[in-house]
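Under my numbering, read the sequence shown as residues 220 to 863, first letter to last. Here the structure comes first, spelled out in structure tokens, and everything after it is commentary.
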Amino acid sequence: MGFIINFIKRIIKLAVKLSLYLAVFATIIVLIPNLPPYTKFTSIEIAPVQPRVGPLAPNDLLNNAEKRYKGKLLGPEAFQLLNGELYTSLATGEIVKISPGGHVTFVTKVGQPCTGLSKEHICGRPLGFQIDDSGKTLYVADAYHGIWKVDLKSDKKQLLVSPRVEIEKRQPKLFNSIALAKNGDFYWTDSSSDFNLKDGAISILTDPSGRVFHYNAAKNESKVLIDDLWFANSLVLSPNHDFLVVTETCRYRILKHYLAGPKKGNTEVLIDGLPGIPDNVRVLPDGSGILVGLYTVFDDEQPLLTRSMSTTPVVRKFLARLQRLIEIPFEYLNTLYPHIVFEEIVYHIGHFKSVSGITPTLSGLLQADWNGNIIASYYNTDNSLGHISDAIVYNDKLYTGSPHVQDFIGAVPVPPLLKKAFESAKKTETPKVETKPPPAKPVEAVKPKVEEKPKVEKPKVVQEKPKVEQKPKVEEKPKPKVEEAPKVQTKPKTEEKKEAPKVVKPPQAKPVENAKPVEKKQPTTTTPPPPKTTQPPAKTEPAKKAQEQPKPTTTPKPAAKTTPPPKPTEKTTSSPPKTTQTPDKPKKAEKPVKQEKPKASQGQNKEQIPIKEDIPSDTAKPTKDTLKVIKKGGVPTEIPVPNN
220 MGFIINFIKR IIKLAVKLSL YLAVFATIIV LIPNLPPYTK FTSIEIAPVQ PRVGPLAPND
280 LLNNAEKRYK GKLLGPEAFQ LLNGELYTSL ATGEIVKISP GGHVTFVTKV GQPCTGLSKE
340 HICGRPLGFQ IDDSGKTLYV ADAYHGIWKV DLKSDKKQLL VSPRVEIEKR QPKLFNSIAL
400 AKNGDFYWTD SSSDFNLKDG AISILTDPSG RVFHYNAAKN ESKVLIDDLW FANSLVLSPN
460 HDFLVVTETC RYRILKHYLA GPKKGNTEVL IDGLPGIPDN VRVLPDGSGI LVGLYTVFDD
520 EQPLLTRSMS TTPVVRKFLA RLQRLIEIPF EYLNTLYPHI VFEEIVYHIG HFKSVSGITP
580 TLSGLLQADW NGNIIASYYN TDNSLGHISD AIVYNDKLYT GSPHVQDFIG AVPVPPLLKK
640 AFESAKKTET PKVETKPPPA KPVEAVKPKV EEKPKVEKPK VVQEKPKVEQ KPKVEEKPKP
700 KVEEAPKVQT KPKTEEKKEA PKVVKPPQAK PVENAKPVEK KQPTTTTPPP PKTTQPPAKT
760 EPAKKAQEQP KPTTTPKPAA KTTPPPKPTE KTTSSPPKTT QTPDKPKKAE KPVKQEKPKA
820 SQGQNKEQIP IKEDIPSDTA KPTKDTLKVI KKGGVPTEIP VPNN
């Protein structure tokens, strides 16, 4: 019995000695000046946690999660939707898209290729990204490499905000999130201007140094809107773009910064005392409010250590310096003898990944309106999901992401309130799918319309000639009549060009049949003019001379050449013998041509007015060269008699 008592006493003495040694060691670390990290440590007041009642009451709505795309991706951080495909950013530095069929496709990568997560500063880490309204441009906020503009078609990249350029005397070191404005500008957050992401665990122990910026696209410059935020995380714009909503992670609250109105430039607390660590925030599709990912949920039974240390700057200073002092030797060794072991040690000492293992395992989501009223909360209590950074409704499931060790996307049934909020997104997407097929149908319908038009145009061409024939009724204006006659005389070539298509068209049965009924109807309208047409030739001769003054030499030639036009017209009448109705009429028209040319001209005018109106004025003089036609080459040729 005495042995046991002595053993306990020795243990107590050792514990006291160790505590004394640790106290001395801690005081030395805290009191020695100019030890890294070189930043401030002050007492920070944090609002008390809201009670877990009402909309914050515990539930298990995110339990029994499915593991989608297991092993195909690592650390899905944030989500965006475009054309029915889900985009997400990964811990390996890539942005990928997921099709409804389950395929994971590479989209872009800002960083350089690397071999593992320990080289995250080389690979890059896109924490936030946005796709513009056109769906052609992607804006990426990479934690190490700044903010980039990426063309989704060509993958052409442009650096907009560099991590090597100071903004208002401080250099941004942890680019986190981005929100696009309508005019091409955007807003973005720098979580810390003292530490990179690989030292994120140290940044939550030091004083706040996060900022919110406005990027002016026209001037290509950024301006600070909010300063001294304790790890400024995600941000979104209100539907009217009159204020910003920003999550301040280490103060467990959500801020509201006014961009317009009487409160422009002011910042106020929208929601305070959250029962979890707020991460990414997104606007609900129906515009009713926001959805916030709670990376970790804590309560009285599972408190958060870092929260209780906010008012004890000495403890935070000791832990931050201790981490940094342990990290520095391995960094130096890795520079002298680069090795994966040294890289892994440095990576795990200060990274959030190392801290996530000591935080509470609960996680969830928070739904709120634009006035800061909490509508509902959703929790995962069975550890089927990791820490939740973001969530979105896709394929009728609520998809959740986790930024570190999770190698899948969690999928749970959509809670009723969120389902209503996301229904508007489905309504806007469905018409887009429906509008695509209709344009194809009218295009096919237009094609037959185009085919029908030529059928309508052919009779129109035939009807245009009678319109010219009706003009002879007006004897006071012989010029329109004369214009057609001189065209036969002065420009036989052009007439032949006009007659040539007539010879080509007759082979088509439809146009010829369409032309003949028009000719039958025309005599009824043109029967009175024939006696009048005998008089215009005398009137047209002076008009011809007036028009043919520039070419007086051509007037005698067409006199001998004008006789052939009736015969090509006879060819037009003789060529349709393929039809049964036309051969009789042209034969009757040919016999009077041989016996009495003027009478035949009158008969021909009755059948074919547009061509034979020009003949009476020309056939009066020539009688011998009835069988000669002038071709384009100008050589007269004889035409066989059409009596066979």
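C-beta: ideal position from N, C-alpha, C; glycine also.
Exposed or buried, which one is V315 when buried takes at least 16 other CB atoms within 10 Å? In the sequence shown, residue 315 corresponds to position 96, counting from 1. Buried.
Nearest-angstrom Cα distance between I545 and L538? Locating residue 545 in the sequence shown gives position 326, counting from the first residue. Locating residue 538 in the sequence shown gives position 319, counting from the first residue. The alpha-carbon atoms of I545 and L538 are separated by roughly 11 angstroms.
S573 - containing alpha helix (DSSP H), residue span: For this step, residue 573 is matched to residue 354 along the sequence shown. That run of the alpha helix (DSSP H) goes 571-575.
Measuring alpha carbon to alpha carbon, tell me which of S621, F641, E642, K638 ends up nearest L293. Here residue 293 refers to the residue found at position 74 when the sequence shown is read from its first residue. When only C-alpha atoms are compared, the closest one is S621.
Straight-line CA distance for N253 to T246? For the purposes of this step, residue 253 is taken as residue 34 along the sequence shown, with counting starting at 1. For the purposes of this step, residue 246 is taken as residue 27 along the sequence shown, with counting starting at 1. Their backbone Cα atoms lie some 14 angstroms apart in a straight line.
I'd like to confirm the pairing. Which residues does DSSP put opposite T466 in its beta bridges? One-based indexing of the sequence shown puts residue 466 at position 247. I473, per the DSSP bridge assignment.
Classify V560 as buried or exposed, calling it buried when 16 or more other Cβ atoms lie within 10 Å of its own Cβ. Position 341 of the sequence shown, counting from 1, holds the residue named residue 560. It is exposed - the Cβ of V560 has fewer than 16 other Cβ atoms within 10 Å.
Closest by CA to Y363, which one among G403, D370, D418, K572? Against the sequence shown, residue 363 aligns to sequence position 144. Cα-wise, what sits closest to Y363 is D418.
Give the DSSP-derived three-state secondary structure of F260 in the structure shown. Taking the sequence shown and counting its residues from 1, one reaches residue 260 at position 41. The answer is coil: DSSP assigns F260 none of H, G, I, E or B.
Residue range of the beta strand (DSSP E) that H340 falls in? Taking the first residue of the sequence shown as 1, we reach residue 340 at position 121. No beta strand (DSSP E) holds H340; the alpha helix (DSSP H) holding it covers 339-342.
Boundaries (first-last residue) of the beta strand (DSSP E) holding G629: Here residue 629 corresponds to residue number 410 of the sequence shown, with the count starting at 1. That run of the beta strand (DSSP E) goes 628-631.
For the beta strand (DSSP E) holding V533, just list the boundary residues, first then last. On the sequence shown, residue 533 is found 314 positions in, with the first residue counted as 1. No beta strand (DSSP E) holds V533; the alpha helix (DSSP H) holding it covers 532-555.
For W407, write down the residues that DSSP places opposite it in a beta bridge. Walking along the sequence shown from the start, residue 407 turns up at place 188. W407 is bridged to I397, F432.
Check whether the region 584-604 and the region 627-635 are in contact - that is, three or more C-beta pairs closer than 8 angstroms. yes
Quick one: what's E313 bridged to in DSSP? Residue numbering aside, residue 313 sits at position 94 when the sequence shown is read from its first letter. Note: E313 sits in a beta bridge opposite K328.
Taking 7 angstroms as the limit between beta carbons, can you name the residues of its chain near K651, skipping five residues before and five after? As a working mapping, residue 651 is identified with position 432 in the sequence shown. Because K651 carries a pLDDT of 39, less than 50, the predicted location of this residue cannot be relied on, and the following value inherits that uncertainty. Hits under 7 angstroms: none found.
What's the call for S441, buried or exposed, on a 16-neighbour Cβ count within 10 Å? As a working note, residue 441 is residue 222 in the sequence shown. So S441 counts as buried.
Start and end of the beta strand (DSSP E) containing G495? Locating residue 495 in the sequence shown gives position 276, where the first residue counts as 1. Where G495 is concerned, the enclosing beta strand (DSSP E) stretches over 495-502.
Can you find the residues in the same chain that come closer than 7 angstroms, C-beta to C-beta, to V873, ignoring five residues on each side of it along the sequence? Limits of the chain in this structure are 220 at one end and 863 at the other, which puts residue 873 out of reach.
Should the region 232-244 be called in touch with the region 500-507, which here means at least 3 C-beta pairs below 8 angstroms? At 8 angstroms Cβ cutoff, the stretches do not touch.
Assigned secondary structure, K372 (DSSP; H/G/I helix, E/B strand, else coil): The residue given as residue 372 occupies position 153 in the sequence shown. Note: K372 maps to coil in three-state DSSP.
Assess contact between the region 364-383 and the region 417-431, defined as three or more Cβ pairs (one per stretch) separated by less than 8 angstroms. Is contact present? By the Cβ criterion, the region 364-383 is not in contact with the region 417-431, since fewer than three pairs of Cβ atoms, one from each stretch, lie closer than 8 angstroms.
State the start and end residues of the unbroken beta strand (DSSP E) segment that holds N202. Within the shown structure, residues of the chain are numbered from 220 to 863, placing residue 202 beyond reach of any answer.
Please tell me whether L463 and L478 are closer than 8 angstroms, where the distance is taken between their beta carbons. Here residue 463 refers to the residue found at position 244 of the sequence shown. Here residue 478 refers to the residue found at position 259 of the sequence shown. In contact: L463 and L478 (Cβ atoms closer than 8 angstroms).
Secondary structure of G294, DSSP reduced to three states: Position 75 of the sequence shown, counting from 1, holds the residue named residue 294. Reduced to three states, the DSSP call for G294 is coil.
Taking the beta strand (DSSP E) that S596 falls in, what are its first and last residues? Sequence index remark: in the sequence shown, residue 596 carries index 377 (1-based). Element bounds for S596: 593-599.
Can you round the beta-carbon distance between I265 and S457 to whole angstroms, since I take them to be within the 8 angstroms contact cut? Sequence index remark: in the sequence shown, residue 265 carries index 46 (1-based). Sequence index remark: in the sequence shown, residue 457 carries index 238 (1-based). Between S457 and I265 the Cβ distance is about 26 angstroms, and since that is not below 8 angstroms, they are no contact.
Relative to the C-alpha of T324, which residue among P332, Q331, E313, C333 is closest? Residue mapping note: residue 324 aligns to position 105 of the sequence shown, counting from 1. Nearest option by C-alpha distance: E313.
Name the two residues that bound the continuous beta strand (DSSP E) containing I509. Locating residue 509 in the sequence shown gives position 290, counting from the first residue. Unbroken beta strand (DSSP E) run through I509: 508-516.
Three-state secondary structure (DSSP) of G273: Residue mapping note: residue 273 aligns to position 54 of the sequence shown, counting from 1. Residue state for G273 is assigned as helix, using DSSP reduced to three classes.
Would a C-beta distance cut-off of 8 angstroms place Q349 and A276 closer than the cut-off? Against the sequence shown, residue 349 aligns to sequence position 130. Against the sequence shown, residue 276 aligns to sequence position 57. No, these two residues do not count as a Cβ contact at 8 angstroms.
Give the DSSP-derived three-state secondary structure of A451 in the structure shown. Your numbering for residue 451 matches position 232 in the sequence shown. For A451, the secondary structure class from DSSP, reduced to helix, strand or coil, is strand.
Can you grab the Cα-Cα spacing for the pair S396 / A436, in whole Å? Stepping through the sequence shown from its first residue, residue 396 is reached at position 177. Stepping through the sequence shown from its first residue, residue 436 is reached at position 217. S396 and A436: Cα-Cα distance of roughly 17 angstroms.
What does a CB cutoff of less than 8 angstroms around R271 pick up in its chain, not counting 5 residues either side in sequence? As a first step, residue 271 is located in the sequence shown; it is residue number 52 there, counting from the start. Counting only Cβ-Cβ distances below 8 angstroms, and skipping sequence neighbours, we find P277, P494, D518.
Kindly indicate which three-state DSSP category I445 falls into: helix, strand or coil? For this step, residue 445 is matched to residue 226 along the sequence shown. Correct three-state label for I445: strand.
Kindly indicate which three-state DSSP category V624 falls into: helix, strand or coil? The residue labelled residue 624 in the question sits at position 405 within the sequence shown. V624: coil per DSSP, three-state reduction.
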